[in-house]
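For the sequence shown, my numbering gives the first residue as 137, with consecutive numbering after it.
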Amino acid sequence: PSTASVVNKDFKKALLFAMSDDLNISIALAIIDELIATTNDALDKEPKNKALKKETLANMAFIAELLGFGEQEPFAYFQIGISKEEKEQIETLINKRNEAKKAKDFASSDALRAELLTLGVAIMDSPTGTVWEKV
């Protein structure tokens, strides 16, 4: 077994114990920090160890599930508290902006981006499309 497997075998139990002790986040974070340091050391020594990489992914997934990370798409998280009507208005403006960009009407595209900013919406273009968040 790899170094990380031996050192990390009890981390889940320790992490669950810390969380069940009145949500003792400071101890839980210390356990996670130690796990990450140990795992990084082990990966430095054995960078091609597939079992270690698989174990690392499983450990990170366990931590994320326990602490509630990754439950929601990041950009959807930042859209919490927006009414359906407001969301539709924002999506309409983004669609108009995307159409203007396709038509190479950059003045309109920039004006629509500015209008979105006045609504408190920042937009980011990515290869998969435009995403937005309230700022």
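Note that beta-carbon positions come from the ideal geometry of N, C-alpha and C, so glycine has one too. The model shown is predicted, which means the values in this text are computed figures rather than measured ones.
Status (buried if at least 16 other CB within 10 Å, exposed otherwise) for residue i
{"i": "GLU207", "result": "exposed"}
{"i": "ILE167", "result": "buried"}
{"i": "GLU191", "result": "buried"}
{"i": "VAL142", "result": "Confidence is the limiting factor: at VAL142 the pLDDT is only 46, short of 50, which leaves the residue's position unreliable, though a coordinate-based value still follows. Classification for VAL142: exposed."}
{"i": "ALA140", "result": "The predicted model places ALA140 with a pLDDT of 48, which falls under 50 and marks its position as unreliable, so this point remains unresolved."}
Residue nearest to residue i in terms of C-alpha spacing, selected from the options
{"i": "LEU202", "options": "THR175, ILE161 and ALA247", "result": "ILE161"}
{"i": "GLU251", "options": "LYS232, LYS149, GLY265 and LYS220", "result": "LYS232"}
{"i": "LEU188", "options": "LEU171, ALA200 and LYS270", "result": "LEU171"}
{"i": "ILE199", "options": "SER245, GLU182, ASP169 and ILE218", "result": "ASP169"}
Same chain, Cβ closer than 6 Å to residue i, five either side skipped, listed in chain order
{"i": "ILE230", "result": "THR266"}
Enclosing alpha helix (DSSP H) for residue i [first to last residue]
{"i": "GLU201", "result": "186 to 203"}
{"i": "ALA154", "result": "147 to 156"}
{"i": "LYS238", "result": "220 to 238"}
DSSP beta-bridge partners of residue i
{"i": "GLU269", "result": "ALA258"}
Close Cβ partners of residue i (< 8 Å) along its chain, the five nearest in sequence each way excluded
{"i": "GLN225", "result": "LEU255"}
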